[in-house]
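**Student:**
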Amino acid sequence: MGIGSRVAWTYQGARTFGTVTGVAKKRATISTQSGGQVVRIAQPGDPVLEIKSESTGAKVLKLRSELKEAPLKR
Numbered sequence: 116m117g118i119g120s121r122v123a124w125t126y127q128g129a130r131t132f133g134t135v136t137g138v139a140k141k142r143a144t145i146s147t148q149s150g151g152q153v154v155r156i157a158q159p160g161d162p163v164l165e166i167k168s169e170s171t172g173a174k175v176l177k178l179r180s181e182l183k184e185a186p187l188k189r
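Each residue of the sequence shown is one higher than the one before, counting from 116 in the numbering used here.
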């Protein structure tokens, strides 16, 4: 999984999709829509991926191990 990959994860019991926009091997920080910040720390062999959600357009941080590759949208 790299930049441009379409990925899927489960959020509140529903399948959610997005596109990878960045990869961090140590740590990543994003600002939330409400003005807060989210920080994720990578693990050895498990980088943090920044994703743009297809459903909301919001940025999301996930470890690679939390994601599955999804087929490209038609």
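Just so it is clear, CB atoms sit at the ideal spot from N, CA and C, and this is done for glycine as well.
So what's serine 170 in DSSP terms, helix, strand or just coil?
**Tutor:** coil
**Student:** Using the beta-carbon count (16 or more within 10 Å), is glutamate 184 buried or exposed?
**Tutor:** exposed
**Student:** In angstroms, rounded to a whole number, what distance separates the CA positions of valine 122 and lysine 141?
**Tutor:** For valine 122 and lysine 141, the distance between alpha carbons rounds to 20 Å.
**Student:** Please report the straight-line C-alpha distance between lysine 174 and tyrosine 126, rounded to a whole angstrom.
**Tutor:** Roughly 14 Å separates the two Cα atoms.
**Student:** At 3 residues or longer, what runs of the beta strand (DSSP E) sit wholly inside the region 141-185?
**Tutor:** 142-146, 152-156, 163-168, 174-178
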